[in-house]
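I have placed the structure first, in the form of structure tokens, so that the comments after it can refer back to it.
2 protein chains.
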Amino acid sequence: MLKEERFDYILKKLQTDHKVLHTELSNDLQVSEDTVRRDLEVLAQNGLLIKVRGGAIPHSPNPFAFNERINIHEDDKRAIATKALSFLHNGQTIIMDGGTSTYALVKLFPPSLQLTVVTPSIPIAMQLMEHPEVEVILTGGRIFKSSQVTSGLDTIRMLEKLRADICFMGVCSLHTEVGVTGPDMDEAAVKNVMVQSANKVIALVTSDKMGTAEPYKVCNITAMDTIITDEAGLALAAPYRQLGINVI
Amino acid sequence: MLKEERFDYILKKLQTDHKVLHTELSNDLQVSEDTVRRDLEVLAQNGLLIKVRGGAIPHSPNPFAFNERINIHEDDKRAIATKALSFLHNGQTIIMDGGTSTYALVKLFPPSLQLTVVTPSIPIAMQLMEHPEVEVILTGGRIFKSSQVTSGLDTIRMLEKLRADICFMGVCSLHTEVGVTGPDMDEAAVKNVMVQSANKVIALVTSDKMGTAEPYKVCNITAMDTIITDEAGLALAAPYRQLGINVI
DNA sequence: CATATTTTCGCAGGAAATTGCAATATTATG
DNA sequence: CATAATATTGCAATTTCCTGCGAAAATATG
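So this is what it looks like as structure tokens:
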């Protein structure tokens, strides 16, 4: 067995279990614990995990913002993303907002899908770089380390010039009267431009975001064409539907 | 059996098995392990696979997957990066070109360094997102999947508006007469703007890039203020020094 | 067709990397 | 503080890698 295969195994196990133990790995890989320890040492030096006594834990590139949230409503988000897939067709230009729901969506892109994706999100851009058919355009600007998106005037300027078929909106609070809101002024401004630059706006929201509001307004709720949510969210769908919004 | 047939077999096996071993290939192809090793050497140089101890693994489409990053520990690049560090001071605005040499440099940033870094490189942006003090500005534009940088008009426009203290140039060929050249037209145009937007230009080049040229011109060699290179590169320094360029 | 040149390939021996083991230090925990 | 678990270090056995060399095959050249 090649050393690289062990690395692969360790990293995969780390991703699913969120921790690895010397003893377990020694068993799984049929090598001594010393070798496991040395493997972890190498991986740690490359920033791929963090060694701790007895084993190792994952190293989120961005401490506790993005990668933490990603596992919280994993199933819900995947369900939402699966519904969203049916809106995508070859040749479209898509604006993909940042956030874990939209990230879950691009992870589900079938390899044959041909799209142009415009996004301010670095994780989404990275994910799509592995995709053979998708053209990726990253909006420029200052990086917000907590949410791993670019923001600011440059971002807005690039989006303004754009005309997209669909905009998928990520993390936002939805409220029938307050509209779509976010926690950051700059990001809210960016989202606002996204909405304006797309023919159709689809919000991906877990139920815990529905009926809530945050300080900065993105747009009116009627700017949304479709809201895709989870089981619990559907129970709250009635008032949105009355406004003519498609909730699925 | 022709060499090309062996290549074919190796690549096919690599695709199905996700790894190949010297011993296995030697058996399958009925040639010595030395020959297998030389074959893998050729394939690796053409970027078709990655040699590892005992065999080879596929060239992962995922850009900075573990196996790629791990081999970045080339001493030359780290030595170059270490020299470059001394040019950095708190408060500066830096343009950081893409490439493995510049990537090696940002990996060495001490945690206390306070900079604003403007870059078209996604790996560099990702690396710096983990840095507590560095402000990161990513230039927007279409992503070139092979080199992991943004390029195009939007990139140029963002860089044009900028005034940076230093620009660190990455992968480029240097030639005393032809100047600085690169393999891609768009990227060369972007690099050209980088050079113009910085007060001082520092090239990070391994010796194998010195005295060579590629199709697209970035700028004259005299636009470089300093060239940082490895041991072997210093031996080729004389003609550059005669032009008033600091070579270290 | 004969000869020269280049390419390919296997082999040998020394260099380097990998791995497991044992001895020793360090840390956690009651 | 004592004891057990875990880490580190040095070392040796093994495997793998690299280099130079020569033989054979392929190719070029007159």
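Residue numbers (the working numbering), protein chains in the order written: chain A, 6 to 253; chain B, 6 to 253. All C-beta atoms in this analysis are idealised placements derived from N, C-alpha and C, irrespective of residue type, glycine included. All values derive from a computational prediction rather than experimental measurement.
Using a Cβ-Cβ cutoff of less than 6 Å, which residues in the same chain neighbour residue i once the five nearest sequence positions on both sides are dropped?
| i | result |
| --- | --- |
| Val141 of chain B | Val122, Ala130, Leu133 |
| Gln97 of chain B | Leu120, Asp170 |
| Lys56 of chain A | Leu45, Ala49 |
| Asn251 of chain B | Thr231 |
| Pro68 of chain B | With a pLDDT of 49 at Pro68 of chain B, under the threshold of 50, the modelled position of that residue is not reliable, and no figure is offered here. |
| Ala242 of chain A | Val252 |
| Lys205 of chain B | Ile171, Asp230 |
| Glu38 of chain B | His27, Ser31 |
Let's test the definition: count the other Cβ atoms within 10 Å of the Cβ of residue i and tell me whether it reaches 16, buried, or not, exposed.
| i | result |
| --- | --- |
| Gly249 of chain B | exposed |
| His94 of chain B | exposed |
| Leu118 of chain A | buried |
| Arg147 of chain A | buried |
| Pro125 of chain A | buried |
| Lys214 of chain A | buried |
| Pro220 of chain B | exposed |
| Ile109 of chain A | In the sequence as displayed, the identity of residue 109 of chain A is Ala instead of Ile. Buried, because 16 or more other Cβ atoms sit within 10 Å of the Cβ of Ala109 of chain A. |
| Pro128 of chain A | buried |
| Met6 of chain B | exposed |
| Ala240 of chain B | exposed |
| Asp102 of chain A | buried |
| Ala203 of chain A | buried |
| Thr21 of chain A | exposed |
| Phe71 of chain B | Annotation note: pLDDT 47 at Phe71 of chain B (below 50); position unreliable, no value reported. |
| Leu54 of chain B | buried |
| Ala86 of chain A | buried |
| Arg246 of chain B | exposed |
| Glu73 of chain A | Note on Glu73 of chain A: pLDDT 47, under 50, position unreliable in the model; the coordinate value appears next. Under this definition Glu73 of chain A is an exposed residue. |
What does a CB cutoff of less than 8 Å around residue i pick up in its chain, not counting 5 residues either side in sequence?
| i | result |
| --- | --- |
| Gly52 of chain B | His64 |
| Pro244 of chain A | Thr181 |
| Lys99 of chain A | Before going further, note that residue 99 of chain A is Ile rather than Lys in the sequence given. Once the five neighbours on either side are set aside, the close Cβ partners of Ile99 of chain A are Leu93, Leu120, Thr121, Val122, Val123, Ala169, Asp170, Ile171, Cys172, Phe173. |
Since residue i and residue j are thought to touch, with beta carbons under 8 Å apart, how far apart are those beta carbons, to the nearest angstrom?
| i | j | result |
| --- | --- | --- |
| Leu34 of chain B | Arg58 of chain B | That belief does not hold up - the Cβ atoms of Leu34 of chain B and Arg58 of chain B are roughly 20 Å apart, past 8 Å. |
| Gly184 of chain B | Ala193 of chain B | Between Ala193 of chain B and Gly184 of chain B the Cβ distance is about 11 Å, and since that is not below 8 Å, they are no contact. |
| Val41 of chain B | Ser31 of chain B | 5 Å |
| Ile62 of chain B | Glu182 of chain A | Contact doesn't hold; Cβ gap of about 56 Å is too wide. |
| Leu143 of chain B | Thr155 of chain A | 5 Å |
| Ile226 of chain B | Lys88 of chain B | With 8 Å as the limit, Ile226 of chain B and Lys88 of chain B do not qualify as a contact, their Cβ atoms being about 19 Å apart. |
| Phe173 of chain B | Val139 of chain B | With 8 Å as the limit, Phe173 of chain B and Val139 of chain B do not qualify as a contact, their Cβ atoms being about 14 Å apart. |
Return the chain-ordered list of same chain residues with a C-beta closer than 7 Å to the C-beta of residue i, the five sequence neighbours on each side being excluded.
| i | result |
| --- | --- |
| Cys224 of chain A | Gly184, Val185, Asn197, Val200 |
| Gly157 of chain A | Gly146, Arg147, Asp191 |
| Thr217 of chain B | Ser178, His180 |
| Thr189 of chain B | Checking the sequence, you will find Asp at residue 189 of chain B rather than Thr. Closer than 7 Å at the Cβ level, and outside the excluded window around Asp189 of chain B, lie Tyr221. |
| Val111 of chain A | Met101, Ile129, Gln132, Leu133 |
| Ala237 of chain B | Ser212 |
| Phe92 of chain B | Ile171, Ile207 |
| Pro137 of chain B | Pro116 |
- Message: Any contact between the stretch 229-236 of chain B and the stretch 203-219 of chain B? By contact I mean 3 or more CB pairs, one from each, below 8 Å.
- Response: yes
- Task: Decide if the stretch 138-156 of chain B is in contact with the stretch 178-185 of chain B; the criterion is three or more beta carbon pairs, one per stretch, under 8 Å apart.
- Result: no
- Item | the stretch 156-163 of chain B in contact with the stretch 186-203 of chain B per 3-pair CB rule at 8 Å | yes
- the stretch 16-32 of chain A in contact with the stretch 19-39 of chain B per 3-pair CB rule at 8 Å: no
- Members of the stretch 18-35 of chain A that neighbour chain B once the beta carbon cut-off is set at 9 Å: none
- Task: Scan the stretch 153-172 of chain A for residues whose Cβ lies nearer than 8 Å to a Cβ of chain B and list them as they occur along the chain.
- Result: Gln153, Thr155, Asp159, Thr160, Met163
- Query: Any residues in the stretch 191-208 of chain A with a beta carbon nearer than 7 Å to a beta carbon of chain B? Which ones, in chain order?
  - Reply: none
- Message: So if I threshold CB-CB distances at 7 Å, which residues from the stretch 111-134 of chain B count as touching chain A?
- Response: Ile127, Ala130, Met131, Met134
- If contact means a Cβ-Cβ distance below 8 Å, which residues of the stretch 139-150 of chain A contact chain B? Glu140, Val141, Ile142, Leu143, Thr144, Gly145, Gly146, Arg147, Ile148, Lys150
- Message: Which residues of the stretch 93-110 of chain B have a Cβ closer than 7 Å to any Cβ of chain A? Give them in chain order.
- Response: none
- May I ask you to list, following chain order, the residues of the stretch 44-55 of chain B that have a beta carbon less than 7 Å from some beta carbon of chain A? none
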